[in-house]
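Asks: Residue numbers (the working numbering): 43 to 715. C-beta atoms are modelled at their ideal positions from N, C-alpha and C, and glycine is treated no differently. My questions will all concern the structure given below.
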């Protein structure tokens with residue numbers, strides 16, 4: 043029996059495993075890099091061990107260091123979480139050889155499924171349906187195809203290719219990304235099915251020869267081939283569900299599977315199913331399966347019991363009954379409108395309203411949060427961009443989607459850009475509600491990338507920010523704090539506050555009367571801003587009549603044309619975060635008298651965050667067109683293209699392949715024509 047468990051992972055999955063361990067009375071051990079020393083999962087563990095290493099990500103890949111940590115802390119079991127070493131057969135064998143209990147499938151099963159090319163051949167013999175597959179790109183004549191990494195998962199190393207001209211570069215790029223993410227650059231190619239749905243089956247096996255299917259999940263809403271919305275039990279015909287269960291169990295039995303695993307399939311528009319891959323670990327999206335099972339399963343608890351040699355409970359041997367519907371979203375630190383560019387920095391506030399439980403099943407309709415972060419967490423460039431999983435359970439799919447969208451829309455997410463607005467728009471879209479979804483959903487629906495905050499509401503948000511800032515300054519004034527903000531004997535001149543907004547500079551002018559009411563106000567947009575409104579008025583409408591109801595440092599209430607609107611304001615100087623009834627915005631107050639800074643050369647392209655330059659595709663003096671690929675930057679385990687902003691000539695290339703760059707570093711200079 044496991045008494046002290048080491049989790050060889052970090053963040054949200056470590057906290058998830060620790061939650062079950064606390065319920066079972068199992069002590070916990072965390073291992074961490076220097077970058078994670080202050081992370082919540084480290085603080086929650088009973089014991090924690092620092093892992094030294096050259097880079098923060100590398101530390102979690104050192105098998106010798108992890109086994110030494112287990113020895114030093116007296117751990118008698120190891121849980122790999124997901125990612126890092128979770129699907130590493132060498133690690134599983136090393137844990138077992140060290141006399142520790144391995145909470146996962148046997149090393150032999152991991153190895154069999156770890157090589158996806160060999161896995162497809164093995165499972166084809168077991169009768170699992172397959173797509174046409176190639177390992178030699180020269181043999182491909184029929185397009186479109188999908189290039190995939192043979193090792194690992196999570197969408198890394200995947201590229202869609204629609205014609206022969208783009209195949210070579212797609213293969214080369216996929217190999218680089220796979221090598222960086224998994225240490226193995228082997229790729230293969232398979233037929234790409236248009237309008238296919240990504241569905242998967244949660245399986246579980248024990249050491250007594252039992253393999254069961256615990257239901258189907260729908261995972262078709264994806265960005266860059268990585269899931270961001272998952273749901274269970276999935277809206278599928280009964281016969282398709284039955285075929286998926288049978289194929290998944292056959293796959294598990296073919297490798298004598300033990301523990302939690304997921305068999306992923308592509309559902310074609312004609313109803314045919316095709317094997318994609320088998321993940322020999324607990325999946326990110328396992329909470330939706332837990333929430334819909336009538337038995338209220340805790341899959342981590344099942345993992346521990348099976349690892350200790352216990353048989354699966356009898357009630358799981360038959361078809362598992364489900365209750366209601368669960369939908370999960372992956373809340374990530376990234377900007378979808380900028381090619382999903384990852385974001386790093388301090389998460390000043392992380393608050394999602396209505397959360398009933400964290401890491402546990404719900405007793406009734408509500409929200410569950412599985413998070414790796416809290417207020418003040420540092421979002422690092424060294425790891426995946428996922429901050430948390432937010433999950434809603436309700437009696438129906440529509441209710442779950444509505445509750446989840448409402449909670450996300452009302453969340454306070456301050457400090458780093460997130461994909462929250464995208465997730466809300468997807469959940470509220472007509473197509474999602476009608477289950478008109480497939481893996482190309484985001485490619486076809488550009489409207490979901492628009493921010494929740496309407497363009498004509500930004501002036502009101504900026505006004506609320508200015509009034510809250512003024513209230514905070516008055517509250518902190520050492521003398522005459524009771525005077526209205528900006529009070530003068532001759533009140534002829536308005537107060538002026540300038541912000542850097544989402545689309546450029548915005549200036550707020552306002553004047554308060556002697557009673558503290560709003561006497562006048564206006565906004566204007568700076569030269570660096572894409573014009574969204576003229577003054578305080580919508581572009582095609584009259585100026586709203588606005589009066590001030592309340593102005594406090596953290597809350598402003600305005601009466602806009604007879605309708606009260608409340609804005610929550612959070613200041614972390616110079617940033618001001620405003621959450622209103624229509625959406626949120628982050629503004630940065632600009633100094634009245636800015637310090638002089640060196641100007642960048644016209645046409646300069648700068649690094650949005652720290653990273654490594656993996657390839658430089660152009661030379662100084664080369665003519666480029668708008669959208670041409672200049673160089674590739676790797677950050678947060680993904681490659682990010684740097685494109686020419688306009689037609690022109692490459693004037694400078696101050697970086698070289700293999701070099702590290704910091705935020706704001708000039709990557710290239712393109713002189714526009």
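CB-CB under 6 angstroms to residue 149, same chain, minus the five flanking residues each way: which ones, in chain order?
Replies: Setting aside the 5 residues that flank it on each side, residue 149 is surrounded in the same chain by 131, 134, 135, each with a C-beta closer than 6 angstroms to its C-beta; the list follows chain order.
Asks: Exposed or buried, which one is residue 20 when buried takes at least 16 other CB atoms within 10 Å?
Replies: No information on residue 20 is available, as it lies outside the stretch 43 to 715 that the chain covers here.
Asks: Among 393, 314, 79, which has the Cα closest to the Cα of residue 284?
Replies: 314
Asks: To which residues of the same chain is residue 58 closer than 6 angstroms at the C-beta, ignoring the five residues directly before and after it?
Replies: Once the five neighbours on either side are set aside, the close Cβ partners of residue 58 are 401, 412.
Asks: State the DSSP-derived secondary structure class of residue 50, mapped to helix, strand or coil.
Replies: coil
Asks: Does the stretch 627-635 come into contact with the stretch 658-665, if we say contact requires no fewer than three beta-carbon pairs (one atom in each stretch) closer than 8 angstroms?
Replies: no
Asks: If we require 3 or more residues per run, which beta strand (DSSP E) segments fall completely within the stretch 222-300?
Replies: 229-233, 239-247, 253-265, 268-274
Asks: Determine, using beta carbons only, whether residue 374 and residue 429 come nearer to each other than 8 angstroms.
Replies: yes
Asks: In the DSSP output, which residue or residues are listed as bridge partners for residue 317?
Replies: 172, 307
Asks: Within a Cβ cutoff of 6 angstroms, which residues of the same chain sit near residue 702, ignoring the five residues on either side of it in sequence?
Replies: 654
Asks: I'd like the span of the beta strand (DSSP E) that includes residue 433, first residue to last.
Replies: 428-436
Asks: Could you have a look at residue 138 and say whether DSSP puts it in helix, strand or coil?
Replies: Here residue 138 sits in helix by DSSP.
Asks: What number of angstroms, rounded off, separates the C-alpha of residue 171 from the C-alpha of residue 317?
Replies: 6 angstroms
Asks: Residue 483 lies in the alpha helix (DSSP H); which residues open and close that run?
Replies: 483-486
Asks: Just tell me which of 92, 43, 78 has its CA closest to the CA of residue 69.
Replies: 43
Asks: For residue 695, I'd like the list of residues in its chain whose CB is within less than 6 angstroms of its CB, leaving aside the five on either flank, ordered along the chain.
Replies: Cβ within range, chain order: 662, 710.
Asks: To the nearest angstrom, report how far apart residue 335 and residue 432 are at their CA atoms.
Replies: 18 angstroms
Asks: Can you tell me where the beta strand (DSSP E) with residue 456 in it begins and where it stops?
Replies: 454-456
Asks: Assuming residue 191 and residue 200 are in contact, meaning their beta carbons sit under 8 angstroms apart, how far apart are those beta carbons, in whole angstroms?
Replies: 7 angstroms
Asks: Mapping DSSP to helix, strand and coil, what is residue 479?
Replies: coil
Asks: Can you tell me the Cα-Cα spacing of residue 354 and residue 478, whole angstroms?
Replies: 36 angstroms
Asks: Indicate the three-state DSSP secondary structure (helix, strand or coil) for residue 473 in the structure shown.
Replies: helix
Asks: So, at 6 angstroms on beta carbons, what are the nonlocal neighbours of residue 588 in its own chain, with the 5 sequence-adjacent residues on each side left out?
Replies: 600, 602
Asks: Going along the chain, which residues of its own chain have a beta-carbon closer than 8 angstroms to the beta-carbon of residue 369, five neighbours each way excluded?
Replies: 271, 272, 273, 330, 433, 434, 439, 442, 443, 446, 469
Asks: Go ahead and pull the three-state DSSP assignment for residue 76.
Replies: helix
Asks: Would the beta-carbon of residue 457 fall within 8 angstroms of that of residue 500?
Replies: no
Asks: Who pairs with residue 130 in a beta bridge, going by DSSP?
Replies: Per DSSP, none; premise fails for residue 130.
Asks: Rounded to whole angstroms, how far is the Cβ of residue 414 from the Cβ of residue 83, which I believe are closer than 8 angstroms?
Replies: 7 angstroms
Asks: Alpha carbon to alpha carbon, how far is residue 299 from residue 248? Give it in angstroms, no decimals.
Replies: One alpha carbon belongs to residue 248, the other to residue 299, and they sit about 7 angstroms apart.
Asks: Nearest-angstrom Cα distance between residue 109 and residue 692?
Replies: 50 angstroms
Asks: Which residue from 123, 99, 129, 91 puts its Cα closest to that of residue 114?
Replies: With distances taken between CA atoms, residue 114 lies nearest to 91 out of 123, 99, 129, 91.
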